[in-house]
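So the sequence lines, in the order shown, correspond to chains A and B.
Numbered according to my numbering, the first sequence spans residues 143 to 477.
Numbered according to my numbering, the second sequence spans residues 143 to 477.
All C-beta atoms in this analysis are idealised placements derived from N, C-alpha and C, irrespective of residue type, glycine included.
Protein chains: 2
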Amino acid sequence: MAPKFRPVTLKQVAESARVSRAAASFALSGRPGVSEDTRNRVLKIAAELGYSPNQTAQNLRSSRTGIVAVYLPENVSALGYYMEATFGIIDAAELSGRTVTLVPHTNGAPHATRLNADGLIIIDPTLEDPHVDKLLGLGLPVVTGEEMPDPNHRVSGAVIADHASSTRAILDRFAAAGSRAPAIITTKERMSWSMSIERCYRDWCAERGLDARIEVSAMDLIVEDTRRATRKLLDDGTTDAILALTDGSVLTVAGYAAESGRRIGKDLFIAAAVDSPVLGYMNPSVTAVDLNPRDFGQRCMNMLERVLDSEQAEVQGPLTELVPTRVVFRDSTGA
Amino acid sequence: MAPKFRPVTLKQVAESARVSRAAASFALSGRPGVSEDTRNRVLKIAAELGYSPNQTAQNLRSSRTGIVAVYLPENVSALGYYMEATFGIIDAAELSGRTVTLVPHTNGAPHATRLNADGLIIIDPTLEDPHVDKLLGLGLPVVTGEEMPDPNHRVSGAVIADHASSTRAILDRFAAAGSRAPAIITTKERMSWSMSIERCYRDWCAERGLDARIEVSAMDLIVEDTRRATRKLLDDGTTDAILALTDGSVLTVAGYAAESGRRIGKDLFIAAAVDSPVLGYMNPSVTAVDLNPRDFGQRCMNMLERVLDSEQAEVQGPLTELVPTRVVFRDSTGA
DNA sequence: CGTCAATACTAAATCGATTAAGTGAGCTGC
DNA sequence: GCAGCTCACTTAATCGATTTAGTATTGACG
Numbered sequence: 143m144a145p146k147f148r149p150v151t152l153k154q155v156a157e158s159a160r161v162s163r164a165a166a167s168f169a170l171s172g173r174p175g176v177s178e179d180t181r182n183r184v185l186k187i188a189a190e191l192g193y194s195p196n197q198t199a200q201n202l203r204s205s206r207t208g209i210v211a212v213y214l215p216e217n218v219s220a221l222g223y224y225m226e227a228t229f230g231i232i233d234a235a236e237l238s239g240r241t242v243t244l245v246p247h248t249n250g251a252p253h254a255t256r257l258n259a260d261g262l263i264i265i266d267p268t269l270e271d272p273h274v275d276k277l278l279g280l281g282l283p284v285v286t287g288e289e290m291p292d293p294n295h296r297v298s299g300a301v302i303a304d305h306a307s308s309t310r311a312i313l314d315r316f317a318a319a320g321s322r323a324p325a326i327i328t329t330k331e332r333m334s335w336s337m338s339i340e341r342c343y344r345d346w347c348a349e350r351g352l353d354a355r356i357e358v359s360a361m362d363l364i365v366e367d368t369r370r371a372t373r374k375l376l377d378d379g380t381t382d383a384i385l386a387l388t389d390g391s392v393l394t395v396a397g398y399a400a401e402s403g404r405r406i407g408k409d410l411f412i413a414a415a416v417d418s419p420v421l422g423y424m425n426p427s428v429t430a431v432d433l434n435p436r437d438f439g440q441r442c443m444n445m446l447e448r449v450l451d452s453e454q455a456e457v458q459g460p461l462t463e464l465v466p467t468r469v470v471f472r473d474s475t476g477a
Numbered sequence: 143m144a145p146k147f148r149p150v151t152l153k154q155v156a157e158s159a160r161v162s163r164a165a166a167s168f169a170l171s172g173r174p175g176v177s178e179d180t181r182n183r184v185l186k187i188a189a190e191l192g193y194s195p196n197q198t199a200q201n202l203r204s205s206r207t208g209i210v211a212v213y214l215p216e217n218v219s220a221l222g223y224y225m226e227a228t229f230g231i232i233d234a235a236e237l238s239g240r241t242v243t244l245v246p247h248t249n250g251a252p253h254a255t256r257l258n259a260d261g262l263i264i265i266d267p268t269l270e271d272p273h274v275d276k277l278l279g280l281g282l283p284v285v286t287g288e289e290m291p292d293p294n295h296r297v298s299g300a301v302i303a304d305h306a307s308s309t310r311a312i313l314d315r316f317a318a319a320g321s322r323a324p325a326i327i328t329t330k331e332r333m334s335w336s337m338s339i340e341r342c343y344r345d346w347c348a349e350r351g352l353d354a355r356i357e358v359s360a361m362d363l364i365v366e367d368t369r370r371a372t373r374k375l376l377d378d379g380t381t382d383a384i385l386a387l388t389d390g391s392v393l394t395v396a397g398y399a400a401e402s403g404r405r406i407g408k409d410l411f412i413a414a415a416v417d418s419p420v421l422g423y424m425n426p427s428v429t430a431v432d433l434n435p436r437d438f439g440q441r442c443m444n445m446l447e448r449v450l451d452s453e454q455a456e457v458q459g460p461l462t463e464l465v466p467t468r469v470v471f472r473d474s475t476g477a
């Protein structure tokens, strides 16, 4: 067997530079206490030896884990949004040398007790999800992507996309294109973003004296449910526009609409509250909201870092950050 | 501020049980060296205090990180397969107390030097991906999901799905349904699985004296490319069956086919080499290969654990595990 | 009774970094 | 000429668990 590769330690750097480990540590961390000469010598030798500090030892010393846990809703593998947001979190974490791990949904027991992490990011917390309660009980700093649906659950901060603006923009566009009876298909699971879209839709309808036409679809049965919801909306013959919540479900809507003879962009307008590359290439292309999930994930991580870095500091109220959204208008909402 | 919560340490357990830290450690780890009485007392007290060992300290002592890194191909957020496989890895890792982290694609520099992990799982390594080389140069034990496309790259093990069987089964089904000129749309990126499907398709055609009709589509432009490829295949008027590689791209194939007046399942048969829930609910439903990605991910993790646990042991050849696949026949390949 | 061995423990070193406390040299100011 | 101070460093404690080496007690046996 090859001689086991042993990484260079601070001790070796210190010996090589003929200083104590403490001096070497001061030099490398940029803290005062060593002369410029010594600092430069240490830095040079560290670079030559290819020294890089042992994260585990640093973590032990500072009694942190260096790990940030991320919790995603269940049954969302089909939604590219979540993977993009996760990679956004990872990109931001990389810069600060933190490790990101995903919390499994299955094995309920282990989390009940302890999660080996310094902080937690929960993306799209769902009212119905029992795991969310447990995770909050762990006493970790928590930042959510979108708000906690139950305001009794206090968290350290939340990054929130501006769904209200994009929803209004889409509904206005529907109206401008000639729609008189727009409907929405929302998620059965109650999450902050879908609830806020629904609220915004109700308000918009109320302002215009229209009936709200709302159908729901469960995430784990999204194709089946959306198909059923679409049929219900279209078969009455009056609904002339549909805002579907996810990029996947709008495909189902489009499919059923085509089967039942509706011409999308002409006598039926559709849009999705979450964009994905496929929507731009459909025929006709489909209007959708670009949520910029990578950027969103990065912001969640950055906020959590702010929280972690100011742990000892004065207790400020929960942080909140509103992120703008952008509607990409395409053929499905009129030319 | 609330008194900072400090987890129970081994020292506290030991003091509470009136034994040394070493004795407590022996008792808890189940190693000989303490009497049954003492062991039970320590276990009881540990349970009462809610002791759970500090992972970071254990890792430092054993000079491991407790972290397994996972590398996914770029631009695959739209493919639920990868997220499912990742969760499979995580589920398996949870059982052995390991942490899973994803390797970011962006920041090239950091990985060049070091990756803070005990081992690495690379899912679908791509010949064109320069990161893969770098990652292999890190000297970590590596297990791949699907084979390394370049056999010069040696790894500790590989978990491989049996794409040959499923591909043959689909092609045979095309033929049984009446197809005389089946085609495939493969990935531009050269990965083991798509290459093996392509090879299998060529062999199958050769055996029957048919021309191979092969088009390619890049992952990052999959919708556009697949549409172009489909047009090319269908516009010559002879192609009567298409095997598309991904669940997403088969939708594009179906869309274009419908636009150009082909009736899927009647005068055009289609299938996908990767299944996803949406395919079962399409109209008509689409035949696809169930790769059971969660199970696949678990197997990757289990193999890596075997490798890590036998680090010191005799050098065996690289491990290989062939996982069966299952074709789910649906309406798109004939009634 | 003395020797040897086994049992059940304790003391201390270790993993690799950070950091509080301590030391000696050199300089200032009165 | 010396108290007092700063600077540049070293020593040693620390984080929490594991593990090696060492010690005291017991029992067996010739």
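Inter-residue distance for B/R322 and B/K408 is about 13 Å (C-alpha atoms, whole angstroms). The C-beta distance from A/I232 to B/L244 rounds to 5 Å, short enough to meet the 8 Å contact threshold. With respect to B/R468, B/L421 sits apart: the two C-beta atoms are not nearer than 9 Å. Nearest CB-CB separation between A/E401 and chain B: below the 9 Å threshold.
Not flagged as an interface residue toward chain A: B/A165, since no C-beta distance is shorter than 9 Å. One alpha carbon belongs to A/D389, the other to A/D417, and they sit about 6 Å apart. A residue is called buried once 16 or more other Cβ atoms fall within 10 Å of its Cβ, and B/D292, having fewer, is exposed. Taking B/P419 as reference, the option from B/T329, B/G222, B/G192, B/L262 with the minimal CA-CA separation is B/G222.
Chain A places a beta carbon closer than 9 Å to that of B/I232, counting this residue as a contact. Around A/S427, the same chain offers R472, D473 as residues with beta carbons nearer than 6 Å, after the five sequence neighbours per side are excluded.
By alpha-carbon distance to B/I356, the top candidate from B/T372, B/I326, B/A477, B/T380 is B/I326. Inter-segment contact for the region 194 to 212 of chain A and the region 258 to 265 of chain A is present: three or more beta-carbon pairs are separated by less than 8 Å. Closest option to B/T328, judged by alpha-carbon separation, among B/E226, B/R256, B/F168, B/A415: B/A415. Interface residue (Cβ-Cβ distance to chain B less than 9 Å): A/S219 is classified as such. The three-state secondary structure of A/M443, taken from DSSP, is helix. B/A360 is outside the set of residues whose beta carbon lies under 9 Å from a beta carbon in chain A. Within the DSSP bridge table, the entry for A/G287 names A/I265, A/V301 as partners.
At a cut-off of 9 Å between beta-carbon atoms, B/T248 makes contact with chain A. DSSP, reduced to helix, strand and coil, places A/T198 within a helical segment of the structure shown. The beta-carbon separation of A/P246 and B/E236, rounded to 5 Å, stays under the 8 Å limit for a contact.
Per DSSP, the unbroken alpha helix (DSSP H) holding A/T372 starts and ends at 364 to 377. In chain order, T241 make up the part of chain A whose C-beta sits under 7 Å from the C-beta of B/I209.
Here the C-alpha atom of B/T151 lies approximately 9 Å from the C-alpha atom of B/L191.
By the Cβ-count criterion, A/A477 is exposed, with fewer than 16 other Cβ atoms from all chains shown falling within 10 Å of its own Cβ. Secondary structure at B/A396: helix, using DSSP grouped into helix, strand and coil. Taking a 10 Å sphere around the C-beta of A/N294, we find fewer than 16 other C-beta atoms and assign the residue as exposed. When secondary structure is reduced to three states using DSSP, B/V176 falls in the coil class, being assigned neither helix nor strand. For B/E463, the enclosing beta strand (DSSP E) starts and ends at 461 to 465. From the beta-carbon of B/Q440, no residue of chain A is found nearer than 8 Å; the closest lies around 11 Å away. Of all residues in the region 273 to 290 of chain B, only G281 come within less than 7 Å of chain A when Cβ atoms are compared, listed by chain position. Note on geometry: alpha-carbon atoms of A/R160 and A/N196 lie some 21 Å from one another. Between the C-alpha atoms of A/T248 and B/D377 there is a straight-line separation of about 48 Å. Cα atoms of B/A360 and A/E288: separation of roughly 33 Å, rounded to the nearest angstrom.
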